[in-house]
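Peer 1: My questions will all concern the structure given below.
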Amino acid sequence: MLALAAVAAVAAAGCSSSSSSAAGGSAATPAASASAAGSAVKLSSVTLNIGDQKGTGAEAVLKAAGLLGTLPFKVNWSDFTSGPPMLEAMASGSVDVGGVGDAPPVFAASGGEAVEIVGARETSGDQDAIVVPKNSPITSIKQLAGKKIAYGSGSSANYNLLTVLTKAGLTAKDVSLVNLQPAPALAAFTSGSVDAWDIWPPYVQEVVAQDGARVLATGPAYGSPYSFEVASKTAVADPDKAAAIRVYLATLDKAYVWAATHPDAWALAWGKAAGLPTSVMEVAAKVDATTPVPVTSAIVSSEQNLVNQFFAAGLIPTKVDISNYVTSQFNSAVSG
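Heads up: the sequence shown runs through residues 537 to 872, numbered per this note's numbering.
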């Protein structure tokens, strides 16, 4: 627990860029992808600024799958505690592309940030969960009324919590929402400063295994089944960056397919990256498995539903047309 908290605390202070990684040579698959896209770009001259989360593990999963060194361009990795601060950095121009949950694109679009969904993955819907301390008297969602709940505003946990409350006949006004990034939320939860916490893997598995926390609500009845790769509109409009993004998405999709089919190996690698025991990560890896999917009208409709619900709840300022923040131009990169 302390190791992951320390990692997240460092990230909370600001994004930390790791050393740039450049491919030792152009791998056959990325080169073929670039060629198929009709790109005349010399990818070795491109630098892609990629945002990452410990819970997303893009760099870690690429490394574990043996694909990190195949990227035929230079990469600057930056770690973030969650999706919202990553997309803020993206809007400012310091990040080109990165992985987030279902809600961050909605909050970014509503805030007028120039970002665009460029890739999608589908999950079982069992990722985010509301947990309560082991000795908590709370046994039902309705008992959350008047209680302090830690969550990350604009994160996937935000939408998961909204759906959990709605299905129980509660609103955000019926509870006391405490907006915290993962590290301080973990500290607040374990110290008893909050009554519940809505969070994603591997934090769910961490507090269950190490603190005896109980899962109050999880599963496909809540939240949405999608997570996304999002890019800045500036990067998408740049032919060089767009060519690199296409190769990155194709390679990352292959890595996530590998992780889903090799959960034990991924758990070991993810545990080393996150500083958590393999026993915790074995559960997290199986729950967090994702399948790359094309960006379709169904996905756009799903995200628009998030917009509508967040706006109705008064949690975003503008009811945007999310289709203006989605592109299917990278669908040919989808593998798996």
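Ideal Cβ placement from N, Cα and C applies to all residues, glycine included.
As a quick exercise: from Asn844, Val823 and Thr863, pick the residue whose alpha carbon is nearest that of Leu698.
Peer 2: In the sequence shown, residue 698 corresponds to position 162, counting from 1. Residue Asn844 is the option with its Cα nearest to Leu698.
Peer 1: Which residue marks the beginning of the beta strand (DSSP E) containing Ser768, and which one marks its end?
Peer 2: Along the sequence shown, read from residue 1 onward, the residue named residue 768 stands at position 232. Element bounds for Ser768: Tyr762 to Ser768.
Peer 1: Just to confirm, is the Cβ distance from Ala801 to Ala600 under 8 angstroms?
Peer 2: Counted from its first residue, the sequence shown places residue 801 at position 265. Counted from its first residue, the sequence shown places residue 600 at position 64. Against a cut-off of 8 angstroms, the Cβ pair of Ala600 and Ala801 comes out as a contact.
Peer 1: Taking only three categories from DSSP, how would you classify Leu804?
Peer 2: Working through the sequence shown from its first residue, we reach residue 804 at position 268. It is helical.
Peer 1: Cβ atoms of Val870 and Leu607: under 8 angstroms apart, would you say?
Peer 2: The residue given as residue 607 occupies position 71 in the sequence shown. The residue given as residue 870 occupies position 334 in the sequence shown. Not closer than 8 angstroms, so no.
Peer 1: Rounded to a whole number of angstroms, what is the C-alpha to C-alpha distance between Thr675 and Asn867?
Peer 2: Your numbering for residue 675 matches position 139 in the sequence shown. Your numbering for residue 867 matches position 331 in the sequence shown. Taking the straight line from one Cα to the other gives about 43 angstroms.
Peer 1: Could you pull out every residue in the same chain whose Cβ sits closer than 6 angstroms to the Cβ of Ser864, ignoring the five residues on either side in sequence?
Peer 2: Working through the sequence shown from its first residue, we reach residue 864 at position 328. Counting only Cβ-Cβ distances below 6 angstroms, and skipping sequence neighbours, we find Val831.
Peer 1: Please classify Asp857: is it buried, with 16 or more other beta-carbons within 10 angstroms of its beta-carbon, or exposed?
Peer 2: In the sequence shown, residue 857 corresponds to position 321, counting from 1. Looking at its Cβ environment, which holds fewer than 16 other Cβ atoms inside 10 Å, Asp857 is exposed.
Peer 1: CB Val772 to CB Gly634, shorter than 8 angstroms?
Peer 2: The residue labelled residue 772 in the question sits at position 236 within the sequence shown. The residue labelled residue 634 in the question sits at position 98 within the sequence shown. No, they are not a contact pair.
Peer 1: I'd like the list of long-range same chain contacts for Ser768, defined as Cβ closer than 8 angstroms, with 5 residues on each side in sequence excluded.
Peer 2: To locate residue 768, count along the sequence shown from 1; it is residue 232. Counting only Cβ-Cβ distances below 8 angstroms, and skipping sequence neighbours, we find Met626, Ala627, Gly629, Val631, Asp632, Val633, Ala650, Val651 and Glu652.
Peer 1: DSSP three-state label for Tyr758, please.
Peer 2: Residue numbering aside, residue 758 sits at position 222 when the sequence shown is read from its first letter. Looking at Tyr758 - three-state DSSP - the assignment turns out to be coil, as it is neither helix nor strand.
Peer 1: Does the Cβ of Thr787 have 16 or more other Cβ atoms within 10 Å, making it buried, or fewer, making it exposed?
Peer 2: Taking the sequence shown and counting its residues from 1, one reaches residue 787 at position 251. Its Cβ being crowded by 16 or more others within 10 Å, Thr787 is buried.
Peer 1: For Ser859 and Phe643, I'd like the C-alpha separation in whole angstroms.
Peer 2: Here residue 859 refers to the residue found at position 323 of the sequence shown. Here residue 643 refers to the residue found at position 107 of the sequence shown. Approximately 14 angstroms, taken between the alpha carbons.
Peer 1: Nearest-angstrom Cα distance between Ser727 and Pro669?
Peer 2: Stepping through the sequence shown from its first residue, residue 727 is reached at position 191. Stepping through the sequence shown from its first residue, residue 669 is reached at position 133. Each residue's Cα considered, the two are about 10 angstroms apart.
Peer 1: Between which two residues does the beta strand (DSSP E) containing Pro828 stretch?
Peer 2: Looking up residue 828 in the sequence shown gives position 292. Start and end: Thr826 to Val829.
Peer 1: Within 10 angstroms of the Cβ of Thr826, are there 16 or more other Cβ atoms? Answer buried if so, exposed if not.
Peer 2: As a working note, residue 826 is residue 290 in the sequence shown. Buried.
Peer 1: If I follow the unbroken alpha helix (DSSP H) through Thr702, where does it start and stop?
Peer 2: Counting from 1 along the sequence shown, the entry for residue 702 is found at position 166. Counting along the chain, the alpha helix (DSSP H) containing Thr702 begins and ends at Ser692 to Lys703.
Peer 1: Hey, quick one: how far does the alpha helix (DSSP H) through Ser833 stretch, first residue to last?
Peer 2: By 1-based counting over the sequence shown, the position of residue 833 is 297. Start and end: Ser833 to Ala848.
Peer 1: Hey, is Ser580's beta-carbon within less than 8 angstroms of any beta-carbon in chain D?
Peer 2: Here chain D cannot be found, since the structure has a single protein chain.
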